[in-house]
Structure formats: structure tokens, C-alpha cells
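As C-alpha cells, the structure follows; a few thoughts come after it.
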Amino acid sequence: MSTAANTLRYAWSSRRAWWFTATARTRDRFARTTLGSFWLGLSNLLSVAVLAVVYGTVFKVEDFRSYVVYLGIGLVVWNAIAGAVQSAPNLFRSNANNLKNTNIHPIFYSLEEWSFQVQSFLQSCGLVLLVLTFFQPGLPLNLLTTGVIPLVNVLLFIYWVPLLLCLLGAHFEDLFQLVPIALQLMFLLSPILYEKKALGELSWTADLNPLYVVMNSFRHALIHGGFEVTHPILLLIGNLFGILASIHILEKQRKNLPFLV
Amino acid sequence: MMTTGDTTPILELHDVWLRISVNTREARTLKKAIIHSVTGGALRQTAHGTEIVALRGVTCTINHGERIALIGHNGAGKTTFLRLVSGIYHATSGRFKASCPVFPMIQKSFITGAELSGVQAAKGHYLLMYGNLRGFKQYLKDIVEFSELGDFIHLPIKGYSEGMSARLLFALLTSGSHDCLALDEGFGAGDARFFERAQNRLEQFIQAAGTLILASHSDSLLKQFCKRGLVFNQGQIVFDGPLEESLSYYHEHCC
């Protein structure tokens with residue numbers, strides 16, 4: 003446990019470096035575009051608009067305003083989780099040179115990637131929520147009250163799950179091929195475009211899908227408000243446990259990483 | 013075993029072994045002799061697959077202030093030793109104790125991606141070393157002046173020539189000073205015109221280091237900076253003594 007504590011200390015002491023390099027990447031991503039990082043939110047908004055019209059018609063949705071909010075929040079959070087998970091298996095491989103030749107702790111690269119994903123998520127989520135507020139004015143208030151813990155859960159989740167996948171990806175190259183397929187299947191099986199009750203007898207599959215559970219907790223808190231804290235707190239405990247477990251595994255695997263990438 | 017310096021041990025290795033599992037298909041199909049020549053270690057089959065023994069029972073103590081030369085042919089274990097003492101590799105067995113951080117100068121790439129600019133690379137490097145940006149302006153000025161990049165420092169590294177990248181990396185890594193420096197000779201310094209200035213800066217940088225571990229094939233470079241030599245062969249230290257004797261041993265027994 004002392005090594006995990008040392009790792010966390012290193013993560014804290016190097017925070018300005020990994021946050022800076024992630025910010026530089028985010029800025030560079032849209033450096034030559036007119037709209038800059040506004041594109042992050044805009045691309046999500048376009049997806050939400052098109053999917054809401056198409057699936058709202060297909061599912062013969064009666065309350066279109068509610069459906070747009072439901073789909074919009076679900077999609078933007080799912081995209082953030084999926085983006086973080088999808089980039090994970092290749093993370094250590096893309097930093098192979100530094101892993102082999104510098105003594106920078108590998109957690110640095112995972113935190114840099116996490117910061118990049120967090121910055122992308124916050125920018126896209128911010129714009130989407132702003133637009134969705136026209137459909138449901140109570141969203142900002144819910145975000146600042148009941149939405150805080152579920153939001154923290156999303157942010158923690160997109161750190162430790164990708165970290166575990168990084169470590170697995172360094173060992174098993176098949177993961178790089180498997181993850182996109184698994185994500186696509188999980189997306190189709192998750193009540194994002196449709197309501198959970200539409201799954202009928204298969205609705206239990208959604209409860210077993212951790213990506214959906216984390217996403218839905220946030221969406222539920224934003225849409226319905228209320229002060230149901232048990233579920234978010236349980237998720238928070240699960241996430242904290244996940245972070246400690248993934249860092250422990252990282253420590254155990256650290257000595258092998260330069261030879262695996 | 014020889015020790016010099018102020019007799020405060022900063023690196024202690026006792027019977028240190030480093031075994032590397034080789035999982036690639038290429039390694040499984042390559043002939044032992046080829047791998048042997050590349051790694052210098054012994055190849056053996058274990059229950060878990062193929063394994064290379066990169067360091068074999070290394071025992072030595074390095075005291076504060078010592079200037080150590082690592083001598084040996086390619087693949088003898090010099091760079092592996094540098095990576096081990098600087099914390100990149102971890103010993104499979106044996107006891108290794110480092111009483112101060114060892115800065116490895118082996119890297120040939122930036123910590124930031126090639127799509128970012130030279131300024132961003134310098135800032136990332138500075139933040140990683142110092143944790144804040146106090147004094148960064150002066151640091152950047154020094155980097156730009158020395159690397160002769162001028163306004164190119166604001167452009168993405170992916171647009172730099174090989175020489176420009178090497179000059180910037182060299183300038184970044186040789187800024188500041190370190191308690192203990194693990195330096196590999198293969199660490200480049202850019203084009204020929206830059207080489208002389210780089211040599212001067214490198215000399216100052218090495219002189220400023222508290223303790224030096226230098227891996228090189230150049231006798232003159234080793235004689236310039238080092239007092240003690242460790243001769244490596246097939247992952248083992250086969251001789252440990254004064255530099256002149258170490259070089260003689262190497263030329264007589266290992267060449």
C-alpha cells in the first residue's frame with residue numbers, strides 16, 4: 003500500500019505537467035479551425051439533433067422535448083466514456099519510447115490521457131447542456147446539486163477503467179481489436195437511444211453494464227433531480243476502490259511495462 | 013571491488029539479476045545466436061516462455077561523487093545497467109538500493125507529442141522537473157539561444173529537421189544539474205556545426221553532476237570524465253577498478 007501512496011504522491015506532485023501537456027494537446031487539436039474547441043460540443047449537438055429526429059420518429063416518441071434531453075445527456079456522456087475506453091489499449095504503446103528511456107512513472111501517461119479526455123468531455127458536455135437547458139430549464143440547477151456526485155463518478159470512472167485496459171492491452175494485443183467491437187455492442191444494448199423499459203425482459207442486461215450504470219446515474223440526477231444519494235455514493239465507493247485497485251495493479255505491472263511495449 | 017569518492021554509498025547493488033521475458037513471435041523464432049549478439053545476455057527457455065538474462069549477479073557500490081565509466085561491447089549490459097540504476101528497469105532478484113534520484117540521459121524523444129511546439133515541449137519538461145513555471149522565461153531564453161531554433165521554437169516539432177529536434181532535446185536535457193547522472197554515449201547532439209558547442213555544454217553539465225555513470229565506447233571520453241571503470245561482458249561485471257586498468261582489461265580480454 004505504501005507504493006500506491008508513493009504513486010499517488012507522484013501523481014499529485016506532477017499534476018501541473020500532465021495537466022499542461024493534455025491542455026496543449028486539446029488546444030492543438032483545433033488549432034487551425036475557426037471554431038476551435040467549440041467543435042467538440044458542436045459535433046455532439048449535431049449527433050443529438052439527427053438521432054433525436056430519426057429515433058424520435060422511429061420510436062413514435064410522444065414527449066419530444068423530454069426525449070431530446072434524455073438522448074442528449076446519454077449520448078454526450080456515453081461518447082466521453084467510450085472515447086476514454088477506446089484510446090486506452092494503445093496508451094502505453096504510444097509512449098513506448100519514454101517508457102523505455104525515462105524514469106517518468108507510467109501513471110503520468112495515464113493521467114495525461116485522462117486530463118485530455120476530461121477536458122474534451124467538459125467542453126462538449128457544457129455546450130450540449132447549455133442547449134438542452136432550452137428544453138428543460140432545471141438542468142443547470144440539478145447539475146450543481148444532485149448532479150455533482152454522479153459527475154465525479156463519471157470522471158473517476160474514465161480514469162480507472164481505461165487504466166486497467168492499458169495494462170491489459172500491454173499484455174494482450176487482441177484487446178485493441180476487441181474494445182471497439184465490445185463498445186459498439188454495449189452501445190446498442192444500452193438504453194441510450196431508447197428507454198430501459200423497451201428492453202423488456204432483457205432490462206437486467208443494462209444493470210450489468212458498468213458503462214451504462216455510471217452514465218445513467220448522471221443522466222438520472224440531471225433530469226429528475228431529487229436527493230437520492232445512496233446509489234451515487236455506492237458508485238463513488240466503487241470508483242474509489244477501482245482507482246486503488248488499478249493503481250495497485252499498475253505498480254505490480256510497472257516492472258514489466260518497458261518490455262511489453 | 014573498487015570505490016572512490018566520499019565513501020557515502022548512493023547506489024548499492026548486491027547480486028542483482030535482470031531477466032526479461034520475451035513474448036514476441038520474432039523472438040521465439042529468432043536463432044539464439046542472433047539474440048545473443050543483440051542482447052549480450054544468455055537466452056534460456058523457461059516454463060513461461062523465452063527469457064533473456066540481461067544482468068547476471070551484478071554486485072557493486074557507487075559512492076557519492078564518483079565518476080564511473082561503463083565499458084563493454086554492444087549488448088554487454090551497459091545501457092541495461094543505466095536503465096536499472098535510474099529506475100526504468102527493476103531487478104528481478106537481488107538487492108538494489110538508491111539513496112538519491114538518478115537522472116537517465118538515454119532518451120531520444122520529448123515527453124510531449126510531435127504535434128506540439130518546441131515551447132510546449134520545453135514547458136512540459138520544465139513543469140515535470142520543477143512543478144511550477146517560476147524562472148521558465150529565462151530557461152526558455154537559454155534553450156532558444158543554445159538550440160539556435162529562433163522562432164521555430166513556436167512551431168510543431170513534427171516540422172523540425174532531425175538536427176533541430178536533436179538540438180532542442182539536447183538543450184532541454186542538459187539544462188539544470190543532477191545529483192546523479194546516468195549518461196549513455198549514444199545520446200545525440202545534432203549536426204556537426206552544433207557538435208562543438210554541444211561538447212562544451214555537455215562537459216559543463218557533466219562537471220556539475222554530483223555523481224556520474226557514463227557508458228561509452230570512446231576511451232578518450234571516458235578518460236576525460238571518469239576515474240573508475242566497470243567492465244561488462246554478457247550482463248556481468250567482469251572487472252571493477254581504476255579506469256586505466258579497466259580499459260586495459262577490456263582491450264585484452266573482451267575485444
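Protein chains in written order, with the working numbering: chain A, 3 to 263; chain B, 13 to 267. Glycine included, C-beta positions come from ideal geometry on N, C-alpha and C.
In the DSSP annotation of this structure, D27(B) is not part of any alpha helix (DSSP H); the continuous beta strand (DSSP E) holding it starts and ends at 21-34. Your pair L158(A) and L167(A) does not check out as a contact, with CB atoms roughly 15 Å apart and the cut at 8 Å. Taking a contact to require three or more Cβ pairs closer than 8 Å, the stretch 140-153 of chain B and the stretch 60-71 of chain B do not qualify as touching. In this chain, the beta strand (DSSP E) harbouring L82(B) covers 79-83. Under the DSSP assignment, I249(B) falls in the beta strand (DSSP E) whose first and last residues are 248-254. As summarised for the stretch 105-176 of chain B, the continuous alpha helix (DSSP H) elements at least 4 residues long and confined to that stretch are 130-142, 148-159, given in chain order.
Per DSSP, the continuous beta strand (DSSP E) segment holding T223(B) begins and ends at 223-227. Burial is judged here by how many other beta carbons sit within 10 angstroms of a residue's own beta carbon; P139(A) has fewer than 16 and is exposed.
If you look at V243(B), you'll find it in the beta strand (DSSP E) that goes 240-245.
CA-CA distance, T186(B) to I245(A), rounds to 36 Å. About 5 Å separates the beta carbon of I109(A) from that of A13(A), a gap short enough to meet the 8 Å contact definition. Going by beta carbons, S111(B) and I22(B) fall inside the 8 Å limit. If you draw a 10 Å sphere on the C-beta of W206(A), you find fewer than 16 other C-beta atoms in it, and that means exposed. Within the stretch 209-232 of chain B, contact with chain A at the beta-carbon level (separation under 9 Å) is assigned to no residue.
V181(A) is a Cβ neighbour of V87(A), given a cutoff of 8 Å. Checking the DSSP bridge columns, you'll see D196(B) partnered with A227(B). Looking at E197(A), L236(A), W20(A), T232(A), the one whose alpha-carbon comes closest to that of H107(A) is W20(A).
If you keep only unbroken alpha helix (DSSP H) runs of at least 4 residues inside the stretch 234-262 of chain A, you get 259-262. In terms of Cβ geometry, V78(A) and N46(A) form a close pair [threshold 8 Å]. Closest option to T124(B), judged by alpha-carbon separation, among M117(B), D163(B), F115(B), G136(B): G136(B).
In the structure shown, the three-state DSSP call for V87(A) is helix. Residues N75 of the same chain have their beta carbon placed closer than 6 Å to that of T19(B), with the five preceding and five following residues left out of the count. For F66(A) and L161(B), the gap between their C-alpha atoms comes out near 58 Å. Scanning its chain for C-beta atoms nearer than 6 Å, with the 5 sequence neighbours on each side dropped, one finds around F158(B) the residues A183, in chain order.
Using a Cβ-Cβ cut-off of 8 Å, R18(A) counts as an interface residue toward chain B, since at least one Cβ of chain B sits closer than that to its own. Counting along the chain, the unbroken alpha helix (DSSP H) around C127(A) starts and ends at 109-134. Around the beta carbon of Q179(A), a 10 Å sphere encloses fewer than 16 other beta carbons of the protein chains shown; the residue is thus reported as exposed.
With 16 or more other CB atoms across the displayed protein chains lying within 10 angstroms of its CB, A172(A) is buried. Secondary-structure assignment with DSSP links N211(A) through no beta bridge to anything.
The alpha-carbon of L129(A) is positioned some 26 Å away from that of V163(A). Taking 8 Å as the CB threshold, G247(B) stays off the interface with chain A.
When secondary structure is reduced to three states using DSSP, T36(A) falls in the coil class, being assigned neither helix nor strand.
Residue burial annotation: P234(A) is buried, with at least 16 other C-beta atoms found within 10 angstroms of its C-beta.
Taking the C-beta atoms as reference points, S126(A) is found nearer than 8 Å to G43(A).
Taking the Cα positions, F40(A) is about 45 Å away from H102(B).
Assigned with DSSP and collapsed to three states, V52(A) falls in helix.
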